[in-house]
Structure formats: C-alpha cells, structure tokens
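Reading through the structure tokens given below for one structure.
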Amino acid sequence: MKKYSKIVMGIGVLLIIFGSCRTSNSQSYRVLIGLSAEKVVKCRNIDRLVIDADLLLAEEVTLLHQNGNRQVLSYLNIGAIEDFRTDYDKYQGIVLGMYENWPEERWVDISQICWQERIRQKVREMVEKGIDGFFLDNADIYYYYQRPEIYQSLLTILTQIKETQKQVIINGGDFFIKTAIEKGDLNDLVDGINQETVFTTIDFSTGSFQAKSAEEKRYFQDYLKQCQDYGLQVYLLEYGADKKLAEEIKTYCQKNGFLYDIAQSIELDQY
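Residue numbers (this note's numbering): 10 to 280.
Below, the structure is given as structure tokens:
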C-alpha cells in the first residue's frame, strides 16, 4: 500500500458518506492513511481507524479518540521509504531498488542499523502521540530480497515494536508471514494481518479496478485461513468493488469473522 501517487482513479463505490467519517455495525474498519489531517480528525465512531500519525500532531490523535474512534492505529513503512518523508534524502545510501508502480518509493536495506534506529525513533514518536497500535507496511521486502539478514531484520524490527505493548498489524507480507509461521519465529510479534486485493485487483496501466481471478483469490483465501488458524486477526482492504462484488466480500468476511474496508481510491484519501 502506498500513498500520494499521481494516478487518479474515479469510479463508483459501494458507500458514499458525507460530512464526518461514520460507520455502521458492518463497517467498523477504515484505512485512511492518505486523508489530510483536517479531514481525518472529523472521523467518528470507527472501531479500528488506520491513519498516518507521522503526519498528525499529538492533539489531533487525541481528538480522534475523543471523537469515539475506539482504536487508532498508525501506518508505518518498515521496508521502503517515500520521497515525501522529510528524511528521504538521508537514506538514499541504503536504497536497494525501485518500487514497481510507485515511482515515489524505494526499497531500502532494512538490515542497516541506521534504518532500524529510524524505525525505533518513529515508533517512539507515534507512541508519544497516543496511538493504539501499528499498521506495518512493506514486509514484502523479504519476497523481493530473500536474504537471511532481511528476514532476521524484520523479526528484529517486529520485536522492538512489540516491546511497546501496542497492537501490531502487518499489511501484506504474505511470503514473510508464511515463512515465519512455518519456522516458528512469529511467536507473539504480530496480532493481525491486513491483506489487500483478495477479491479485487488494480490495473496500474489503465488506472482501473477489476475482480481478482479465481486462482489468485483462492491463494489468498487459503493464506488468510492459515493466518486465522494461527490465531491472527484477519483484515481485508479492497478497492473499487461494485455492488455485487461488495456483497460477496461482506458475506465472506462475516462468515469468517474478518474485518474489511472497501476503499474508493488507492490513495486511501476518500470516505
């Protein structure tokens, strides 16, 4: 999941909510990491709200809690860095490569001490702002760079984050999660996983959303069952589902006890 790309996607979606961000019993999970601070602080009564605390003040996080948002989790990119981050230039020396479809982002060598210290500092700052947990992105780095030091560094980063006793959700990262489960390394480092595009897919060449193929969907559904059987809470984040597909997603998630969000934009900046 990335943010602030120049792709503009305008398509119809299941829900359009005016004014403040509100939820019903069937929509208690929202991922709004691209929403501006002045808009995100208007969100109310969301059970699990994911924002980017790096872009918010402590008072704004406090306001989110006062608005009845039960859990406020912060996005944190642990495997790559975006060019809009204030310290982007500082880490160009540890860049591993370009990030496909996201020209503003670079994979980084997470085994470097300077990167692990950066994550430690970001975690400290976000905890001080009052967040309830972390939504960690780009553990997929281990899929693209299958090196022992990358795998071990992910475990190290998760260990230091879990020391805060905050909730930890991994976004994506299925190759790493499956490997850690099979090796018995995951332990209690992760509370849940969020999987994007189980039922939907993004066509970056046309800027459109489509239904996922049956084969790909089956792979992810098997993976989600593995995670659930392991004891992890499962979350889904889908994009641009039409009414029929949205109903299929809802039925599947309710049947399995999963939480889900259907986003209007890959920027995650609309509600």
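Backbone N, C-alpha and C fix where the C-beta goes; we use that ideal spot for every residue, glycine too.
#1: Once the 5 residues before and after F218 are set aside, which same chain residues still bring their CB inside 8 Å of it?
#2: Rounded to whole angstroms, what is the Cα-Cα separation between G181 and Q101?
#3: Please list, in chain order, all residues of the same chain as I7 whose beta carbon is under 7 Å from its beta carbon, the five residues on each side excluded.
#4: Which two residues bound the contiguous beta strand (DSSP E) that contains V50?
#5: Expressed to the nearest angstrom, what Euclidean distance is found between the alpha-carbon atoms of Y261 and S45?
#6: Going by beta carbon distance, what residues of the same chain come within less than 6 Å of S37, once the five residues before and after it are set aside?
#7: Can you tell me which of the three DSSP states Q273 falls into?
#8: What is the residue span of the beta strand (DSSP E) that Q204 lies within?
#9: Please classify E114 as buried or exposed, where buried requires at least 16 neighbouring CB atoms within 10 angstroms.
#10: In the DSSP assignment, what are the bridge partners of Q176?
#11: Taking the C-alpha atoms as reference points, what is the distance between R31 and K51?
#12: Could you tell me the alpha carbon to alpha carbon distance between Y97 and I90, rounded to whole angstroms?
On the basis of the coordinates in this document:
#1: M18, I20, T209, T210, I211, D212, Y248, G249 and A250
#2: 24 Å
#3: Outside the displayed span of the chain (10 to 280) sits residue 7, for which this structure offers no information.
#4: Here V50 belongs to no beta strand (DSSP E), and DSSP marks it neither H nor E.
#5: Going by the C-alpha atoms only, they are around 31 Å apart.
#6: D56
#7: coil
#8: G201 to E205
#9: buried
#10: Q176 pairs with G142.
#11: Reliability fails at R31, whose pLDDT of 45 lies under 50, so the model's placement of it is uncertain and the value that follows must be treated cautiously. Distance between the alpha carbons of R31 and K51: 9 Å.
#12: 7 Å
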